[in-house]
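Undergrad: My questions all concern the structure below.
Numbering (my numbering), first residue to last: 33 to 432.
So, in structure tokens, the structure goes:
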């Protein structure tokens with residue numbers, strides 16, 4: 033019988049888990065009493081098996097609980113002698129659905145669209161967690177042989193055993209290592225899902241708290257601008273909500289809040305060019321620094337976006353990336369990938385001044401029409417976001 037040991041202690045400690053979970057009837061608890069846990073699943077474990085195990089490790093086991101995975105022939109169970117002294121969970125094998133220890137969907141009618149992972153999520157009432165819902169549905173899709181996208185982690189998990197690096201000298205799969213890698217892949221999907229839903233929540237909260245920094249329509253050009261001072265992580269949500277251009281800032285050194293990096297970027301589907309914005313920023317930076325605006329400097333500034341590296345040496349604070357001759361989708365004055373650390377190189381402009389330049393340049397002001405900025409309302413919370421916030425409150429109350 034193959035035996036899979038637990039992941040490293042560092043990986044196990046990364047999980048946040050409540051210590052006890054109510055039974056289905058709401059008045060019972062699993063008493064672990066310091067005992068080790070065995071997860072029993074079928075040989076050559078699949079996505080459903082790993083997701084089921086992950087959910088219990090992540091959400092049910094006490095933090096200091098030791099556990100390991102053992103495999104048996106599909107449809108069979110671990111003998112009582114082999115499980116003596118342990119708390120034993122059967123996942124995706126055993127032909128029983130008898131919570132809280134047996135979760136095998138094969139014990140249910142064949143037309144039931146579910147999985148061991150979904151049974152775990154439902155029984156332990158974990159479905160307020162967006163990451164859990166995504167994983168349970170994902171496991172059900174794989175268990176019912178539904179079509180998966182080519183880059184799904186399901187193919188990663190099922191493909192480990194065919195990689196020569198994950199086989200021993202006899203050609204047998206190294207299930208210890210494959211199990212560890214598979215659980216890490218599942219955790220990555222879980223974390224990423226919750227991050228994305230959390231981003232939507234943070235975006236909505238920011239818009240409610242900062243209505244004038246939220247999505248704005250510039251007239252007469254109708255360019256959609258989103259301004260996020262100090263919130264670079266909101267860019268993707270802004271683009272998802274229709275922004276043509278996003279302006280953000282971040283402070284690299286909290287001890288020097290007056291120094292900040294700035295980024296201006298167009299969305300994936302935007303045809304807005306930032307070239308005129310880049311030129312206006314360089315002119316404003318020169319004026320703020322007391323640099324004389326000569327005809328020669330103006331000419332250099334007008335051509336700066338075409339220079340190798342998108343940088344004018346006389347004003348090295350600002351960098352422009354050009355995708356082609358028409359589109360200039362990114363302007364930076366410092367970032368993690370293009371850092372500014374020299375005190376003299378941080379922009380001399382304030383964020384408000386930069387924002388005014390962006391608005392005045394992109395609004396398309398004409399002599400016969402008055403420029404206007406219309407601030408749009410914050411988006412409404414989606415069901416996923418509502419559940420995310422409820423789960424966050426419950427986690428906070430448990431931690432208190």
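Glycine is no exception: its CB is placed at the ideal position from the N, C-alpha and C atoms.
Using only the alpha-carbon positions, how far apart do residue 113 and residue 235 sit?
TA: Translated into the one-based positions of the chain shown, residue 113 becomes position 81. Translated into the one-based positions of the chain shown, residue 235 becomes position 203. For residue 113 and residue 235, the distance between alpha carbons rounds to 54 Å.
Undergrad: Can you tell me the Cα-Cα spacing of residue 352 and residue 363, whole angstroms?
TA: Numbered from 1 along the chain shown, position 320 holds the residue referred to as residue 352. Numbered from 1 along the chain shown, position 331 holds the residue referred to as residue 363. Each residue's alpha carbon lies about 5 Å from the other.
Undergrad: Buried or exposed, going by whether 16 or more other CB atoms sit within 10 Å of the CB of residue 422?
TA: By 1-based counting over the chain shown, the position of residue 422 is 390. Exposed.
Undergrad: Run through the DSSP bridge pairs and tell me what residue 280 is partnered with.
TA: Taking the first residue of the chain shown as 1, we reach residue 280 at position 248. BP columns for residue 280 point to 260, 295.
Undergrad: Kindly list the residues whose CB is nearer than 8 Å to the CB of residue 319, restricted to its own chain and excluding five residues on each side of it in sequence; keep chain order.
TA: Taking the chain shown and counting its residues from 1, the one referred to as residue 319 is at position 287. Beyond the five residues adjoining it in sequence on each side, residue 319 comes within less than 8 Å, by CB distance, of 325 in the same chain, given in chain order.
Undergrad: Between which two residues does the beta strand (DSSP E) containing residue 204 stretch?
TA: Residue numbering aside, residue 204 sits at position 172 when the chain shown is read from its first letter. No beta strand (DSSP E) contains residue 204, which DSSP labels as neither H nor E.
Undergrad: Roughly how many whole angstroms lie between the Cα atoms of residue 296 and residue 67?
TA: Numbered from 1 along the chain shown, position 264 holds the residue referred to as residue 296. Numbered from 1 along the chain shown, position 35 holds the residue referred to as residue 67. So the two alpha carbons sit approximately 55 Å from each other.
Undergrad: Report back the beta-carbon spacing between residue 163 and residue 223 to the nearest angstrom; my notes put them in contact at under 8 Å.
TA: For this step, residue 163 is matched to residue 131 along the chain shown. For this step, residue 223 is matched to residue 191 along the chain shown. With a Cβ gap of about 7 Å, residue 163 and residue 223 count as contacting.
Undergrad: In the DSSP assignment, find the alpha helix (DSSP H) that holds residue 386 and state where it starts and stops.
TA: Here residue 386 refers to the residue found at position 354 of the chain shown. Where residue 386 is concerned, the enclosing alpha helix (DSSP H) stretches over 383-394.
Undergrad: From residue 148 to residue 210, what distance separates their C-alpha atoms?
TA: Translated into positions along the chain shown, residue 148 becomes position 116. Translated into positions along the chain shown, residue 210 becomes position 178. Rounded to whole angstroms, residue 148 to residue 210 spans 20 Å at the Cα level.
Undergrad: Can you grab the Cα-Cα spacing for the pair residue 98 / residue 121, in whole Å?
TA: Working through the chain shown from its first residue, we reach residue 98 at position 66. Working through the chain shown from its first residue, we reach residue 121 at position 89. If you take the alpha carbons of residue 98 and residue 121, they lie about 13 Å apart.
Undergrad: Secondary structure at residue 373, three-state DSSP: helix, strand or coil?
TA: For the purposes of this step, residue 373 is taken as the residue at position 341 of the chain shown. Three-state DSSP puts residue 373 in coil, outside helix and strand.
Undergrad: Out of 250, 137, 208, state which residue places its alpha-carbon closest to the alpha-carbon of residue 396.
TA: Against the chain shown, residue 396 aligns to sequence position 364. That would be 250, whose Cα lies nearest to the Cα of residue 396.
Undergrad: Work out the CA separation of residue 124 and residue 135 for me, nearest whole Å.
TA: Reading the chain shown from its first residue, position 103 is the one you call residue 135. Reading the chain shown from its first residue, position 92 is the one you call residue 124. Cα-Cα distance, rounded: 6 Å.
Undergrad: Apart from the five residues on each side of it in sequence, which residues of its chain come closer than 8 Å, Cβ to Cβ, to residue 315?
TA: Start at 1 with the first residue of the chain shown, and residue 315 comes out as number 283. For residue 315, where only same-chain residues beyond five positions count, the Cβ hits under 8 Å are 325, 330, 333.
Undergrad: Is the Cβ-Cβ distance between residue 387 and residue 215 less than 9 Å?
TA: In the chain shown, residue 387 corresponds to position 355, counting from 1. In the chain shown, residue 215 corresponds to position 183, counting from 1. In this structure, residue 215 does not lie closer than 9 Å to residue 387 by Cβ.
Undergrad: Using CA atoms only, rank isn't needed, just tell me which of 95, 139, 131 is closest to residue 107.
TA: Here the question's residue 107 lines up with position 75 in the chain shown. When each option's Cα is compared against that of residue 107, the closest is 139.
Undergrad: Mapping DSSP to helix, strand and coil, what is residue 271?
TA: Counted from its first residue, the chain shown places residue 271 at position 239. Helix.
Undergrad: Name the two residues that bound the continuous beta strand (DSSP E) containing residue 325.
TA: As a working note, residue 325 is residue 293 in the chain shown. First-last for residue 325: undefined, no H or E at that position.
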